[in-house]
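Input: a single structure, listed below in structure tokens.
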Amino acid sequence: MKTIYLILSICCTLLANGANKQDANGWYFITDSRTNAFDPSPIVTVADFEMLRIDSLLNTENTMTYVLTGKVKAGKIKTWADATEKATGKQIGFLYNGKIITAPQVNMKIENGNFLISSPELIEDREKILTIFEQLKKEMK
């Protein structure tokens, strides 16, 4: 009887841990562009970022627009280049707190490790982009 309780306890713990698992913030292959479904294995996570900054510019309507620009660590540049080559003509997505916030189409292999995070919802929302930036900076190691 004790064995059954022990097995049930272990199973419940494993199920609870799996249910609370959240995918890491980072770049993922998009598997369905209509729903933004993504491959569960990240290309790179925020922990793989070497640099992240906010860029802004005044658009043609005299409104400030904001984007995040960054670069992956030297040890991940080949991973990034290989992934962007594989994704040429397809989309990759940036996952933030469980939601894809941008899913650009890759036009060519990106060999220098650079990336840009931007979306219509973010480009004019200074507070939101600052919040995302601050959280991602804390996650960088």
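Those letters in the sequence shown? Residues 0 to 140, per numbering that gives the first Met the number 0, in order.
Here a beta-carbon is modelled for each residue, glycine too, at the ideal position from N, C-alpha and C.
Cβ-based neighbour list, residue i, same chain, cut-off 7 Å, excluding 5 preceding and 5 following
i	result
Thr145	Since the first residue shown for the chain is 0 and the last is 140, residue 145 is missing from the structure and cannot be characterised.
Glu110	Ala80
C-alpha gap between residue i and residue j, whole angstroms
i	j	result
Ser32	Ile100	13 Å
Thr38	Phe132	It should be pointed out that residue 38 corresponds to Asp in this sequence rather than to Thr. So the two alpha carbons sit approximately 24 Å from each other.
Thr78	Lys136	21 Å
Lys127	Asp81	31 Å
Val71	Pro119	24 Å
Thr62	Ile91	28 Å
Asn35	Glu84	20 Å
Asn106	Ala86	8 Å
Asp47	Glu138	10 Å
Gln104	Tyr27	12 Å
Lys108	Lys98	25 Å
Phe114	Tyr95	15 Å
Gln134	Ser40	21 Å
Ile53	Arg125	10 Å
Ala23	Glu60	36 Å
Under 9 Å between C-beta atoms of residue i and residue j
i	j	result
Thr29	Lys89	The residue you asked about is not Thr; residue 29 is Ile in the sequence shown. In contact: Ile29 and Lys89 (Cβ atoms closer than 9 Å).
Gly69	Met50	yes
Residue i, buried or exposed, once every other Cβ within 10 Å from all chains shown has been counted against 16
i	result
Gly74	exposed
Gly112	buried
Thr130	exposed
Thr44	buried
Close Cβ partners of residue i (< 6 Å) along its chain, the five nearest in sequence each way excluded
i	result
Ile116	Leu67, Phe93 and Thr101
Gln21	Gly97
Bridge-paired residues (DSSP) for residue i
i	result
Gln90	Gln104
Phe37	Ile29
Asn113	Lys70
Met63	Leu57
Own chain residues within Cβ distance below 8 Å of residue i, not counting five before or after
i	result
Lys140	Ala46
Ile76	Glu110, Asn111 and Gly112
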